[in-house]
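Asker: Please see the structure below; I have some questions.
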Amino acid sequence: MAIEIKVPQLPESVADATLVTWHKQAGQAVTRDENLADLETDKVVLEVPAPVNGVLKELRITAGTSVTSGQVLAVLEEGAAATAAPAARPAPAAVPAAAKPAAAAPAKNEGDKLAPSVRRMVEEQKLDPAKIPASGKDGRITKGDVVEYVNKPAAPAPAPTTVGAAGRQEQRVPMTRLRARIAQRLLEAQQTQAQLTTFNEIDLKAVMDVRAKYKDVFEKKHGVKLGFMSFFVKAAVEALKKFPAVNASVEGNDIVYHEYYDIGVAVSTEKGLMVPVLRDVDLQSYADIEKNIGVYAQKAREGKITIEELTGGTFSVTNGGTFGSLLSTPIVNMPQSAILGMHATKERPVVVNGEIVVRPMMYVALSYDHRIIDGREAVQFLVTIKDCLEDPARLLLGV
820 MAIEIKVPQL
830 PESVADATLV
840 TWHKQAGQAV
850 TRDENLADLE
860 TDKVVLEVPA
870 PVNGVLKELR
880 ITAGTSVTSG
890 QVLAVLEEGA
900 AATAAPAARP
910 APAAVPAAAK
920 PAAAAPAKNE
930 GDKLAPSVRR
940 MVEEQKLDPA
950 KIPASGKDGR
960 ITKGDVVEYV
970 NKPAAPAPAP
980 TTVGAAGRQE
990 QRVPMTRLRA
1000 RIAQRLLEAQ
1010 QTQAQLTTFN
1020 EIDLKAVMDV
1030 RAKYKDVFEK
1040 KHGVKLGFMS
1050 FFVKAAVEAL
1060 KKFPAVNASV
1070 EGNDIVYHEY
1080 YDIGVAVSTE
1090 KGLMVPVLRD
1100 VDLQSYADIE
1110 KNIGVYAQKA
1120 REGKITIEEL
1130 TGGTFSVTNG
1140 GTFGSLLSTP
1150 IVNMPQSAIL
1160 GMHATKERPV
1170 VVNGEIVVRP
1180 MMYVALSYDH
1190 RIIDGREAVQ
1200 FLVTIKDCLE
1210 DPARLLLGV
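Okay, structure coming up:
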């Protein structure tokens, strides 16, 4: 029985995808759930699995083509036998051992760092793993790395343009789908929302003292390090409970107040910024939050994160401080209405109880949609976060 292999249903936020590569060719046998092709969307790389055992009879779409949900990619004959391979050519005359060229040895450790699915892509595309920039943990090559390397323009660099006595060079490189989508969404956010940013500063001494006191026993018990992000996420939830408008969104002429707390945590990858969503954060422990952030960050950097894990957040947190940023105005991640920006922690002289002391201080920023969030709410929202972090007992007591 002939079965049509179709593009999986894409989310509403994704209009189309690009067929990056075929892992099987017409006439080859396939097994159920074997990956037949990779589709690159604006956010992630999707696999197209075989629904049954059989033979791939026909490929209807070539690599590099844009496709949409439900479009037929290929035809699979269920239970058929594979087409016989062409007759082998006669073996060439034997070459004396001394005259045989040495077989090219794989780059040291490169082969060991390839997951089976990545190795298959590399072998099918006849690529040299040593030339593929790796973004995975411990220098491992991810599927996303291979896709980006394959899609990288192969044209030679343009000739240098000479101006006066000095020669200057420039290269024109097309945006990746992910980068183009990021650019589109950021521009759309600024053109659609009445965005404004308010600032405050937080003395993190109390949080740092708690972390220093309990980080070892925390890691021993839960198997994950106690970071600062879980404190900020918990503080954000407390503030969102007090100011529901910050957790709301605009749909047409309606304001939708979300009565749940799905917090997006921005993750920087080699391919651009991604924002995995932590679901029902108010029900998660500090350990749950730290574990989930770590898992999502790793999946994002390896190109394994799903579209479902990147959509549906009600509020976002981004930490530019990991790169040394002291102050910034983050852009709201639509359709959300606000985003919290964390920054670098720096020791600064501050006045405490009438005395000048040195404290670890962080500037925080809240960018928000002024159409539904008033300045008073935005300022008090940041003050609530400040109060929770400067006195962590508030997070435990919910006050």
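Residues in the sequence shown are numbered consecutively from 820, following our numbering. Heads up, the beta-carbon is just placed ideally off N, CA and C, and yes, glycines get one too.
Quick one: complete beta strand (DSSP E) runs, 3+ long, within the segment 1111 to 1158?
Answerer: Counting whole runs of 3 or more residues, the segment 1111 to 1158 contains the beta strand (DSSP E) stretches 1134 to 1138.
Asker: Select from Gly898, Glu853, Glu823 the residue whose C-alpha is nearest the C-alpha of Ile880.
Answerer: Per the Cα distances, Glu823.
Asker: What are the uninterrupted segments assigned as alpha helix (DSSP H) that are 4 or more residues long and contained completely in the segment 1053 to 1096, given in chain order?
Answerer: Entirely contained in the segment 1053 to 1096, not one alpha helix (DSSP H) run reaches 4 residues.
Asker: Comparing alpha-carbon positions, which option in Asp852, Val863, Asn1111, Tyr1080 lies nearest Gly1091?
Answerer: Checking every option, the nearest Cα to that of Gly1091 belongs to Val863.
Asker: Using C-beta distances below 7 Å, list every residue in its chain close to Val969, excluding the 5 sequence neighbours before and after it, in chain order.
Answerer: Excluding sequence neighbours, Val969 sits near Val839, Thr840, Gln944.
Asker: Between which residues of its own chain and His1189 is the CB-CB distance below 6 Å, once the five residues before and five after are set aside?
Answerer: If we look at His1189 and ignore the five residues flanking it on each side, its Cβ neighbours are Ala1013, Leu1015.
Asker: With DSSP as the reference, label Ala845 as helix, strand or coil.
Answerer: In this structure, Ala845 counts as coil in the three-state DSSP scheme.
Asker: Consult DSSP for Asp1099 and reduce its assignment to one of helix, strand or coil.
Answerer: Asp1099: coil per DSSP, three-state reduction.
Asker: Which word fits Met1048, buried or exposed, when buried means at least 16 other C-beta atoms lie within 10 angstroms of its C-beta?
Answerer: Buried, since its Cβ has 16 or more Cβ neighbours within 10 Å.
Asker: Could you give the distance in angstroms between the alpha-carbon of Tyr1076 and the alpha-carbon of Val966?
Answerer: In a straight line, the C-alpha of Tyr1076 is about 39 Å away from that of Val966.
Asker: Can you check DSSP and say which residues form a bridge with Asn780?
Answerer: Any question about residue 780 goes unanswered here, given that the chain covers just 820 to 1218.
Asker: Can you list, in chain order, the stretches of the alpha helix (DSSP H) that have 4 or more residues and sit fully within the segment 989 to 1031?
Answerer: The qualifying runs are 996 to 1011.
Asker: Give the C-beta separation of Gly889 and Lys825 to the nearest angstrom, bearing in mind that I take them to be a contact with Cβ-Cβ under 8 Å.
Answerer: Indeed they touch by this definition, with Cβ atoms about 5 Å apart.
Asker: Identify, in the order they occur along the chain, each residue of the same chain with its Cβ nearer than 7 Å to the Cβ of Glu859, setting aside the five sequence neighbours on each side.
Answerer: Same-chain partners within the cutoff: Ala836, Thr837, Val839, Val966, Arg996.
Asker: Using DSSP's beta-bridge definition, name the partner residues of Ile960.
Answerer: Note: Ile960 sits in a beta bridge opposite Leu933.
Asker: Between the beta-carbon of Ala845 and the beta-carbon of Glu877, is there less than 8 Å?
Answerer: Their beta carbons are under 8 Å apart, which means Ala845 touches Glu877 by this criterion.
Asker: Measuring alpha carbon to alpha carbon, tell me which of Thr850, Val1136, Val1036, Leu1102 ends up nearest Pro1095.
Answerer: Ranking Thr850, Val1136, Val1036, Leu1102 by Cα distance to Pro1095 puts Val1136 first.
Asker: Between which two residues does the beta strand (DSSP E) harbouring Gly873 extend?
Answerer: Run containing Gly873: 873 to 878, per the beta strand (DSSP E) assignment.
Asker: Any beta carbon from chain B within less than 8 Å of Thr1148's own beta carbon?
Answerer: Although the question refers to chain B, the structure presented lacks it and comprises just one protein chain.
Asker: Answer with buried or exposed for Glu1121, where buried requires no fewer than 16 other C-beta atoms within 10 angstroms of its C-beta.
Answerer: Buried.
Asker: Return helix, strand or coil for Arg1190, following the three-state DSSP convention.
Answerer: In the structure shown, Arg1190 sits in coil (DSSP, three-state: anything other than H, G, I, E or B).
Asker: Short check: CB of Met940 to CB of Pro1179, under 8 Å?
Answerer: No, the pair does not count as a contact, with Cβ atoms beyond the cut-off.
Asker: Buried or exposed for Lys1053, please, with buried defined as at least 16 other CB atoms from any protein chain shown within 10 angstroms of its CB.
Answerer: Flag for Lys1053 reads buried.
Asker: Report the CB separation of Met1153 from Glu1007 in whole angstroms; it is logged as a contact under 8 Å.
Answerer: Sure, about 7 Å apart at Cβ, within 8 Å.
Asker: Got a sec? Which residues, its chain only, sit under 6 Å from Asn1066 by beta carbon, not counting five neighbours each side?
Answerer: Leu1059, His1077, Thr1133, Phe1134.
Asker: Could you say which of Glu1070, Pro1211, Ala834 lies nearest to Ala1025 if we only look at CA atoms?
Answerer: Checking every option, the nearest Cα to that of Ala1025 belongs to Pro1211.
Asker: Return yes when the Cβ of Cys1207 is within less than 8 Å of the Cβ of Leu1216, no when it is not.
Answerer: Contact: no.
Asker: For Met1180, write down the residues that DSSP places opposite it in a beta bridge.
Answerer: DSSP lists Asp1022, Lys1165 as partners of Met1180.
Asker: Which of the three DSSP states is assigned to Thr1203 in this structure?
Answerer: Reduced to three states, the DSSP call for Thr1203 is helix.
Asker: In three-state terms, what does DSSP make of Leu1185?
Answerer: Looking at Leu1185 - three-state DSSP - the assignment turns out to be strand.
Asker: For Ala1106, which of helix, strand or coil comes out of DSSP?
Answerer: Ala1106: helix per DSSP, three-state reduction.
Asker: Please state whether DSSP places Ala917 in a helix, a strand or coil.
Answerer: Annotation note: pLDDT 41 at Ala917 (below 50); position unreliable, coordinate value reported separately. Ala917: helix per DSSP, three-state reduction.
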